[in-house]
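What follows is a set of notes on a single structure, which appears directly below.
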């Protein structure tokens with residue numbers, strides 16, 4: 002239930018991000034060509050939204066196993082060795098994501114302590130932009146550990162969280 006709600010929230014963030022970027026860029030283009038004036042903050046805001054969308058979308062990619070992989074070896078192994086290799090891959094990936102969370106949190110806190118704000122949108126604290134890194138790291142680690150668990154309890158090879166249900 003919680004996992005389903007997290008997936009909905011991730012999908013919502015990605016969908017709203019795409020729509021928001023599209024609207025902001027469209028408005029900025031119209032303003033630039035019709036009124037010879039554009040929004041000073043439009044490019045910067047769309048960049049920050051794109052960063053958030055990318056990091057949150059990375060978690061969805063883990064969940065659905067659509068990240069770029071080199072699986073020639075994995076596809077040619079017998080089932081029992083394939084499961085062992087998947088445990089290793091998911092475990093190492095979860096550890097890397099947790100380390101990314103730790104580093105992202107440290108950087109975000111430094112930015113928060115220094116009080117950095119966006120150059121063109123002085124109302125936007127930069128730590129909010131950096132917050133996507135630790136959030137994404139936790140979500141990706143959760144998905145890797147979930148895939149590890151699903152493979153442990155199943156006799157089949159589970160490559161996506163949806164397959165495990």
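In the working numbering, the protein residues as written are 2 to 166. Yeah, the Cβ is synthetic: ideal placement off N, Cα and C, and Gly gets one too.
(request) Keeping to the same chain, check which residues put their C-beta closer than 8 Å to that of residue 45; ignore five residues upstream and five downstream. (result) 119, 120, 121 and 122
(message) Output needed for residue 8: all residues of its chain with C-beta closer than 7 Å, excluding positions within five of it in sequence on either side, in chain order.
(response) 64
(message) Please classify residue 2 as buried or exposed, where buried requires at least 16 other C-beta atoms within 10 Å of its C-beta.
(response) exposed
(request) On the DSSP bridge assignment, give the partners of residue 126 in chain order. (result) 118
(message) Under 7 Å, Cβ to Cβ, is there at least one residue of chain B near residue 140?
(response) Annotation note: the requested chain B is absent from the structure, which comprises a single protein chain.
(request) Determine, using beta carbons only, whether residue 22 and residue 47 come nearer to each other than 7 Å. (result) yes
(request) Flag this pair as yes or no: are the beta carbons of residue 151 and residue 158 separated by less than 7 Å? (result) no
(message) Would you call the region 80–91 in contact with the region 137–154, where contact means no fewer than 3 C-beta pairs closer than 8 Å?
(response) yes
(request) Indicate the three-state DSSP secondary structure (helix, strand or coil) for residue 109 in the structure shown. (result) helix
(message) My output table needs one value for residue 159: the three-state DSSP class, helix, strand or coil.
(response) coil
(message) Quick check on this structure: which residue in 74, 82, 58 and 73 has the alpha carbon closest to the alpha carbon of residue 67?
(response) 58
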